[in-house]
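Chemist: Add 21 to a position in the sequence shown, counting from 1, and you land on the number used in this note's numbering.
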Amino acid sequence: MLALYILIAFPAISRANFKEGIVTSSVVVFRVFGAGELSRDIFLTQIELLVIGLGSAMLVNMAYMPKGEGRLMEIRREVDGLFSIVFSHISLTLREPGHVWDGNELIEANKAVEQGITESNRALENQMLQPDVAWNVYFYMRKEQLENIQAMMHLISQIYERLPHGELAANLFDQMSQDVVTETYTGKTEKLLGELEVKFKEMELPRTREEFEMRSAILQLCRELEYFLKISKKNKAPTGPANPGRKLSRGKS
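What follows is the structure, given as structure tokens:
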């Protein structure tokens, strides 16, 4: 009978996403099975044991379980700093296409984001009352934006000559390297991007195929940056009087 219980109940509990309750429920089942009878007193005893055990665990969790806020803040600063360096390198490459960069900061940023996701999930599980999902939102946002930056890196590799358009786009990424470490969505890069699009439309058409391809890559690079900003804007509070007392916004530019 116990073997049948394990074969049927364990997969069902796991499928219902209650894996944490497998051990507790099994203890109750085994105790009732060991008693060899179903009675009111036995059920009341099991309920009392559950209340004592789970209640004690909850109290210990609330009193002693580390919140992890400091560690998450440390990882956040590391990720934001690495993003800032990446944007600085993109800006430098637009001005000097011969600039050599190994992309190590991008690799480190990916590792830090994955670590942040792990730590934020652990912190969320440890919060019994009023769980804060803001850290999960932040790190999953950064994970999505990393994919966006990967597309930028592919486009930047197609620019091999200095162009006025590259210089103008470089100013965007200079501003982005500053905005990415701010706690709120400033909108500065978004404003510059809108102004740049107007300038691009006023400039002469490319005269050669090579110039056309590079200008096309720069324009697509700006489109990727626009998408990057949309992700930030969706998850990050704007600056202004509407948010005067906001202590921390985990979503950033």
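Using N, Cα and C, we set each Cβ at its ideal position, and we do this for glycine too.
Going along the chain, which residues of its own chain have a beta-carbon closer than 8 Å to the beta-carbon of Ile-252, five neighbours each way excluded?
Modeler: Around Ile-252: Met-162, Glu-165, Gln-166, Asn-169.
Chemist: Hey, quick one: how far does the alpha helix (DSSP H) through Asn-169 stretch, first residue to last?
Modeler: Unbroken alpha helix (DSSP H) run through Asn-169: 155 to 177.
Chemist: In this structure, how does DSSP classify Thr-229 when only helix, strand and coil are distinguished?
Modeler: Of the three classes helix, strand and coil, the one that applies to Thr-229 here is coil, per DSSP.
Chemist: Determine whether the beta carbon atoms of Met-197 and Leu-242 lie at a separation below 8 Å.
Modeler: Contact: no.
Chemist: Three-state secondary structure (DSSP) at Val-100?
Modeler: The answer is helix: DSSP assigns Val-100 an H, G or I state.
Chemist: Assuming Ala-130 and Phe-108 are in contact, meaning their beta carbons sit under 8 Å apart, how far apart are those beta carbons, in whole angstroms?
Modeler: The Cβ separation is near 11 Å, so there is no contact.
Chemist: Below 8 Å on the Cβ atoms is my guess for Glu-245 versus Leu-189; work out the distance and round it to an integer in Å.
Modeler: That pair is no contact at about 16 Å.
Chemist: Does the separation of the CB atoms of Gly-208 and Leu-115 fall below 8 Å?
Modeler: No; because the gap between Cβ atoms is not below 8 Å, this pair is not in contact.
Chemist: Would you grab the beta carbon distance between Glu-140 and Arg-92 for me? Rounded to a whole angstrom, and I think it's under 8 Å.
Modeler: Right, their Cβ atoms sit about 6 Å apart.
Chemist: Under the three-state reduction of DSSP, which class applies to Gly-55: helix, strand or coil?
Modeler: Helix, per DSSP.
Chemist: Quick check on Ala-191: does DSSP put it in helix, strand or coil?
Modeler: Helix at Ala-191.
Chemist: Can you check which of these residues, Gln-179, Glu-231, Thr-205, is closest to Asp-101 by C-alpha distance?
Modeler: If we check each option's Cα against that of Asp-101, Thr-205 comes out closest.
Chemist: Compute the distance between the beta-carbons of Arg-98 and Gly-137, then report whether it is under 8 Å.
Modeler: Cβ atoms of Arg-98 and Gly-137: not closer than 8 Å.
Chemist: Between the region 115 to 126 and the region 208 to 228, can you find at least three pairs of beta-carbon atoms closer than 8 Å?
Modeler: Output reads no: the region 115 to 126 does not touch the region 208 to 228.
Chemist: Is Met-224 helix, strand or coil when you go by DSSP?
Modeler: In this structure, Met-224 counts as coil in the three-state DSSP scheme.
Chemist: Quick one, are the C-beta atoms of Val-50 and Tyr-26 less than 8 Å apart?
Modeler: Yes.
Chemist: Quick check: Glu-232 and Gln-179, are their CB atoms within less than 8 Å of each other?
Modeler: Not in contact: Glu-232 and Gln-179 (Cβ atoms no closer than 8 Å).
Chemist: Around the C-beta of Asn-6, are 16 or more other C-beta atoms found within 10 angstroms, so that it is buried, or is it exposed?
Modeler: This structure gives no information on residue 6, because the portion of the chain shown stretches from 22 to 274.
Chemist: Could you tell me if Val-282 is buried or exposed, where buried requires 16 or more neighbouring beta carbons within 10 angstroms of its beta carbon?
Modeler: There is no way to answer for residue 282, as the model of the chain reaches only from 22 to 274.
Chemist: According to DSSP, is Phe-64 helix, strand or coil?
Modeler: Here Phe-64 sits in helix by DSSP.
Chemist: Could you tell me whether the Cβ atoms of Leu-250 and Thr-210 are closer together than 8 Å?
Modeler: A contact, by the Cβ cut-off of 8 Å.
Chemist: Identify whether Tyr-181 lies in helix, strand or coil by the three-state DSSP scheme.
Modeler: Coil.
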